[in-house]
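The letter at position 53 of the sequence shown is residue 856 when you use this note's numbering, and the numbering goes up by one with no holes. Built from N, CA and C at the ideal position, the CB exists for glycine as well. This one's a predicted model, so the numbers in the text were calculated from it and none came from an experiment. Single-structure report; data block below.
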Amino acid sequence: MVMQEGNIQRRVRPTHPGAVLRHMLEELTTDERDQFATLTPKELAKRLGVPARAINELIHERRAMTADMAIRLSRVFKTTPDIWMNLQKAVDLWDAAQANKNQYAKLRPIAA
């Protein structure tokens, strides 16, 4: 199924917010490493005040982004919660469209 996003048709699953977080942890520059010390997933969990398991599951895309986690990450990384939640929303919509595509194909608009 091709998912319609405005005028863009998406054939592949959107990027999971955990993949973005994983990339951010892997790609910290030297200056950022000085600022964040050794920001391992375990250290990030400690800074966020969440269990390390939550971060590990998120970066391995086995856990969805929550509003709470989005707020915590936005404070640590100076982003906005909306960035994280929009990534998750795109994944959720894609997953639902794929899981239910046969049912959705049967739905017809109500004539006005």
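For residue i, the three-state DSSP class (helix, strand or coil)
i	result
arginine 911	coil
arginine 813	strand
valine 853	coil
leucine 842	coil
glutamate 829	helix
proline 820	helix
glutamate 860	helix
Contact under 8 Å by Cβ, residue i with residue j
i	j	result
glycine 821	arginine 866	yes
arginine 825	tryptophan 897	no
leucine 842	leucine 831	yes
proline 884	isoleucine 862	no
leucine 851	valine 879	yes
Status (buried if at least 16 other CB within 10 Å, exposed otherwise) for residue i
i	result
leucine 890	buried
valine 894	buried
alanine 873	buried
proline 854	exposed
proline 817	buried
isoleucine 811	Unreliable placement is indicated for isoleucine 811, whose pLDDT of 47 sits below 50; no coordinate value is reported for it.
isoleucine 913	exposed
Could you tell me which whole beta strand (DSSP E) segments of length 3 or greater appear in the segment 868-904? none
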